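For reference, the structure is listed below as structure tokens.
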Amino acid sequence: MKQKLFLLMSLMVLVSMLLVSCGGATEAATEAATEAPTEAATEAPVEAYDGMVSEAPNCDYGGEFLRIEAVDEYTVQFTLCYPDPAFPSKIAFTAFAILPSEYVEASGGAGDLLTHPIGTGPYMVADWVRGEQLVLTRFDGYWGDAALTPTLVFRWSTESAQRVLELQAGTVDGIDNPGPGDFAVIQADPGLQLVARPALNIFYIGFNNTYPPFDDERVRQAIAMSIDRQRIVDNFYPVGSEVASHFTPCAIPNGCVGEAWYTFDPEAGRALLADAGYPDGFTTSIFFRDVVRGYLPQVSNVAQDIQAQLLENLNIDAQVVSMESGAFLDAADSGQLDGLHLLGWGADYPDQTNFLDYHFGSGSSNQFGEKWPDIYENLAAGAQLADDAARAPYYEAANNAIRQHVPMIPVAHGGSATAYDAAAVGAHASPLGNEYFAVMEVPGQDTFVWMQNAEPISLFCADETDGESLRACEQVTEALLAYEVGGTAVKPSLAERCEANADLTVWTCYLRQGVQFHDGTTLDANDVVLSFTLQWDANHPLHVGNTGAFTYFTSLFGGFLNADE
Amino acid sequence: MEKPVNNNIAKLDAEGLSLKSVSLWQITWRRLFRRKSAIVGLVILGGLVLIALTADWIAPYDPIAVLIDVEDVRVRQAPCIHLFGCPEDQPQHIMGIDGNVRDEFSRVLYGSRYSLFIGFATVGFAIVVGTFLGAMAGYLGGWMDNVIMRVMDVLLAFPSLLLAIAIVSVLGPGLTNALLAIGIVSVPAYARVVRASVLSVREMDFVSASRAVGGSTLYILFGRILPNALTPLIVQGTLGIATAILDAAALSFLGLGAQPPLPEWGSMVGAERNQVFTAPHLVFYPGLAIMLTVLAFNLLGDGLRDALDPRLGHVSG
Numbered sequence: 068m069k070q071k072l073f074l075l076m077s078l079m080v081l082v083s084m085l086l087v088s089c090g091g092a093t094e095a096a097t098e099a100a101t102e103a104p105t106e107a108a109t110e111a112p113v114e115a116y117d118g119m120v121s122e123a124p125n126c127d128y129g130g131e132f133l134r135i136e137a138v139d140e141y142t143v144q145f146t147l148c149y150p151d152p153a154f155p156s157k158i159a160f161t162a163f164a165i166l167p168s169e170y171v172e173a174s175g176g177a178g179d180l181l182t183h184p185i186g187t188g189p190y191m192v193a194d195w196v197r198g199e200q201l202v203l204t205r206f207d208g209y210w211g212d213a214a215l216t217p218t219l220v221f222r223w224s225t226e227s228a229q230r231v232l233e234l235q236a237g238t239v240d241g242i243d244n245p246g247p248g249d250f251a252v253i254q255a256d257p258g259l260q261l262v263a264r265p266a267l268n269i270f271y272i273g274f275n276n277t278y279p280p281f282d283d284e285r286v287r288q289a290i291a292m293s294i295d296r297q298r299i300v301d302n303f304y305p306v307g308s309e310v311a312s313h314f315t316p317c318a319i320p321n322g323c324v325g326e327a328w329y330t331f332d333p334e335a336g337r338a339l340l341a342d343a344g345y346p347d348g349f350t351t352s353i354f355f356r357d358v359v360r361g362y363l364p365q366v367s368n369v370a371q372d373i374q375a376q377l378l379e380n381l382n383i384d385a386q387v388v389s390m391e392s393g394a395f396l397d398a399a400d401s402g403q404l405d406g407l408h409l410l411g412w413g414a415d416y417p418d419q420t421n422f423l424d425y426h427f428g429s430g431s432s433n434q435f436g437e438k439w440p441d442i443y444e445n446l447a448a449g450a451q452l453a454d455d456a457a458r459a460p461y462y463e464a465a466n467n468a469i470r471q472h473v474p475m476i477p478v479a480h481g482g483s484a485t486a487y488d489a490a491a492v493g494a495h496a497s498p499l500g501n502e503y504f505a506v507m508e509v510p511g512q513d514t515f516v517w518m519q520n521a522e523p524i525s526l527f528c529a530d531e532t533d534g535e536s537l538r539a540c541e542q543v544t545e546a547l548l549a550y551e552v553g554g555t556a557v558k559p560s561l562a563e564r565c566e567a568n569a570d571l572t573v574w575t576c577y578l579r580q581g582v583q584f585h586d587g588t589t590l591d592a593n594d595v596v597l598s599f600t601l602q603w604d605a606n607h608p609l610h611v612g613n614t615g616a617f618t619y620f621t622s623l624f625g626g627f628l629n630a631d632e
Numbered sequence: 385m386e387k388p389v390n391n392n393i394a395k396l397d398a399e400g401l402s403l404k405s406v407s408l409w410q411i412t413w414r415r416l417f418r419r420k421s422a423i424v425g426l427v428i429l430g431g432l433v434l435i436a437l438t439a440d441w442i443a444p445y446d447p448i449a450v451l452i453d454v455e456d457v458r459v460r461q462a463p464c465i466h467l468f469g470c471p472e473d474q475p476q477h478i479m480g481i482d483g484n485v486r487d488e489f490s491r492v493l494y495g496s497r498y499s500l501f502i503g504f505a506t507v508g509f510a511i512v513v514g515t516f517l518g519a520m521a522g523y524l525g526g527w528m529d530n531v532i533m534r535v536m537d538v539l540l541a542f543p544s545l546l547l548a549i550a551i552v553s554v555l556g557p558g559l560t561n562a563l564l565a566i567g568i569v570s571v572p573a574y575a576r577v578v579r580a581s582v583l584s585v586r587e588m589d590f591v592s593a594s595r596a597v598g599g600s601t602l603y604i605l606f607g608r609i610l611p612n613a614l615t616p617l618i619v620q621g622t623l624g625i626a627t628a629i630l631d632a633a634a635l636s637f638l639g640l641g642a643q644p645p646l647p648e649w650g651s652m653v654g655a656e657r658n659q660v661f662t663a664p665h666l667v668f669y670p671g672l673a674i675m676l677t678v679l680a681f682n683l684l685g686d687g688l689r690d691a692l693d694p695r696l697g698h699v700s701g
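Chains X and R are the protein sequences, given in the same order. When you read off a place in the first sequence, starting at 1, and then add 67, the result is the number in the numbering used here. When you read off a place in the second sequence, starting at 1, and then add 384, the result is the number in the numbering used here.
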């Protein structure tokens, strides 16, 4: 008897703890529930909306969101801790796609969600044969213009020669990243078309400042002066590439304010290295992953050229170390690479915050070691202003600080391209790397086959950072806003418009009505709140994902709520 | 101690007129030179050894020197040979320029050093370890034989290249580790061959004689039995070099063997595999070099096998 009582008590304690942890949401739910009957009694058919609310107690946790609220069925309000002019650009990003809450809850935040996501996009996942292909079929209930081709197939090959060969053979209709040597071949082939992709990316040589000798700023500066970047771009990059004067490409507002990068001067570099106590150089490693990206089309050749330059100019004896892609990214993010590492970045949305904050902001990873206050403080200040002219001085200071501290050496903005069957309609290359296949077709074909560099890791893109995954997600799921096809401007998508208050801290998004998910459910404001909350709240039962890192959320919105510190 | 009887073979010479004593090695050489394919193998091999030894003098460029800003050449430029009509004012590069603007010809020449070294080093390692293990197993027998040969069976159960890849993955990529991996996976073959010969030789009369006069186990094994169990090992070793070179090239192709900028043929083919249509010379020449080397060892190995086989004694040629 006593035991049963104890059990009951503990059960109640558990339930109450659960209620507390669900916080605002349940509170609001009960509030709405108490109001509902009276309203329903007076005005019969209109049901009051049971809107979810997620809320942080205050802004001390360090992130950007304060409150996300479903005001009514088609209105969502985001209250921010600080002004964010880039907010529309950020929420248009693939990682913040809206998923149906019923499906997400049923999946438990992982499982099916990773392989068969349900979204609102023009295509839905039909079949994913791991290691082989991903088949998507047209979603007939799509709210916008239906996809032109009924079936879209994603295939992949890490070998650029194979991609070009398959395109020439006609077994695929479009490919990503033909090798630099193949540009001329494709242009000369009347059956193919080459679409250049603007160089909205950066290839850099990174250091981690916690490992000697790279803990000495003079060593990093010496290397920065002694790498002939023009030579790398001239010899190993396709046309349309340029030497980087700053980390961020100039096409992005305030991207290249401040002093340009060091000019190539190996004499000065040698003197500085001798000054730092290494007149005879030292031995180190050059780490890279042997995968082709738009910012680094010939990985091994560039690594070897940097190796040769280091030896010739500074007598630094470097060993090149090729690593598996995932292991390399993990090691870089956790700050385990004790030599130089070759990595790059492609724009997700066209704002300085996407380049600088992700890498050097206070919420960035340990990739470059200890963070520099004179960089991240300027970034934090700049991120809160709306006006490009007003932001300029902060980014100028940040860029100058980066030039002084040399966390990495920006080398090139790499031009890349996509190539298609000459008959393909709507062929384009997106500067953000998210080509949109609903607008493409090869007349007379009911299947469009796309071949990219690698297989998607998962299709739950809230928890992916790899562009090869994001591109596939882009066809299936949609965010509140979107980027125009083949461009970077933000356009309405699931939200017809998003409006801010005067100081840019409260953003209200008005949802499109009657939007259907692939499973037949209808989009409402609660889906939006849940899709954001499960990423935001580290204690949320659905905060699971593929690895649980939700890297884009933390890097774009500062940090998780209830994060274990 | 007297010499083992079968090291000297009385043999009729070609005319069959006079009897004289000829050593096994002389006979082997003579038989070998009667086989044209073995001569071809020997000639290619001799050429390779010569190239490897004299690479410093005959290579026109340093194999790892980058020619950017040194000469007016492009990345992956096609071969330019003055003899075949390439303008005299352009620098001559017989096999063209590689993906890092280095002279491909010099790299291919220097590559012979690595391939020969890889072949001899791995097979040397495998022969030493394999002979020791095989001799122990064959001579001592019993549980020792069982343990050693079952371990060898386990190693043989894996496809050799896969096992080598696994070993390199654990040890980390690099030429030394690749050598070690290939050496380890080649051991069982030699252990088996040696064990089989030891088993047959140890029952022969001259061994019994040594035992009777009180020779120690070690002396009998290494002084009496092994020298007389060598012939199959030589054949196996020569053919094994070819396999080892091929395996090392495969590992390097996969990026697990020689690391850049070393001019190793396998890694040269691997590095330029994506340019096979736009710059075929960068895949063709190192590939051809691998093929010739492996062919040379195979021809020589086949010839040796026939020459050393007493059953084929008079019919060969």
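Glycine included, C-beta positions come from ideal geometry on N, C-alpha and C. No experiment lies behind these values; they were computed from the predicted model shown.
At a cut-off of 9 angstroms between C-beta atoms, R:N682 does not count as an interface residue with respect to chain X. If you check the CB distance, R:G687 and R:S421 come in under 9 angstroms. Scanning chain R for C-beta atoms nearer than 7 angstroms to the C-beta of X:S367 yields P644 and A655, reported in chain order.
Within the stretch 290-306 of chain X, contact with chain R at the beta-carbon level (separation under 9 angstroms) is assigned to D295, R298, D301, N302 and F303.
Per DSSP, reduced to three states, the secondary structure at X:Y462 is helical. Those residues of the stretch 470-492 of chain R placed with their C-beta closer than 8 angstroms to a C-beta in chain X are G483, N484 and V485, ordered along the chain. With a 10 Å radius around the Cβ and a threshold of 16 neighbouring Cβ atoms, R:E488 comes out buried. Under DSSP, no beta-bridge partner is assigned to R:V433. Under the three-state reduction of DSSP, X:M475 is assigned to strand. By the CB criterion at 9 angstroms, X:I319 and X:I290 fall outside the cutoff. Secondary structure at X:Y550: strand, using DSSP grouped into helix, strand and coil. Secondary structure note for X:R337: its alpha helix (DSSP H) is the uninterrupted segment P333 to D342. Close partners of R:T662 in chain X (Cβ separation under 7 angstroms): G248, D249 and V252. The beta carbons of R:N658 and X:A486 sit no closer together than 9 angstroms. Using a Cβ-Cβ cut-off of 9 angstroms, X:Q374 counts as an interface residue toward chain R, since at least one Cβ of chain R sits closer than that to its own. Identification of residues in the stretch 330-358 of chain X having a C-beta nearer than 9 angstroms to some C-beta of chain R yields D357, given in sequence order.
Taken atom to atom, the span from the alpha-carbon of X:A311 to that of X:A414 is near 15 angstroms. Taking C-beta separations shorter than 6 angstroms and ignoring five residues to either side along the sequence, the partners of X:F627 in its chain run A605, following chain order. Annotation for R:A573: the continuous alpha helix (DSSP H) segment containing it runs L559 to V585. When 9 angstroms is used as the limit between beta carbons, R:R460 is near these residues of chain X: G248, in chain order. About 3 angstroms separates the beta carbons of R:G514 and R:Y574, which is inside the 8 angstroms limit, making them a contact pair. Excluding residues up to 5 positions away in sequence, G348, T350 and L378 lie with their Cβ nearer than 7 angstroms to the Cβ of X:D384 in the same chain. X:E463 and R:T506 have their C-alpha atoms roughly 58 angstroms apart. In its chain, beyond the 5 residues on either side, G518, A519, G522, Y523, I609 and A613 have a beta carbon closer than 7 angstroms to the beta carbon of R:V582. Following the DSSP letters along the chain, one finds R:A596 inside the alpha helix (DSSP H) bounded by residues D589 to A596.
Per the Cβ contact rule, the stretch 396-416 of chain X is in contact with the stretch 259-272 of chain X (3 or more Cβ pairs under 8 angstroms). Taking the Cα positions, R:P447 is about 7 angstroms away from R:R486.
Put simply, the CB of R:I549 is far from chain X, with every gap to its CB atoms at 9 angstroms or more. Around the beta carbon of X:T216, a 10 Å sphere encloses 16 or more other beta carbons of the protein chains shown; the residue is thus reported as buried.
Within chain R, not a single residue places a beta-carbon under 9 angstroms from that of X:Q288; the smallest gap is close to 23 angstroms. Closest option to X:Q519, judged by alpha-carbon separation, among X:L381, X:A491, X:E233 and X:T532: X:E233. By the CB criterion at 9 angstroms, X:P417 and X:T555 fall inside the cutoff. Think of a sphere of 9 angstroms around the beta carbon of X:V387: the chain R residues whose beta carbon falls inside it are Q643, P644 and P645, in chain order. Annotation for X:W328: no alpha helix (DSSP H) segment contains it, and DSSP assigns it neither H nor E. Here the alpha carbon of X:F422 sits roughly 25 angstroms from the alpha carbon of X:R285. Rounded to whole angstroms, the Cβ separation of X:P477 and X:F303 is 16 angstroms, and the two are not in contact under 8 angstroms.
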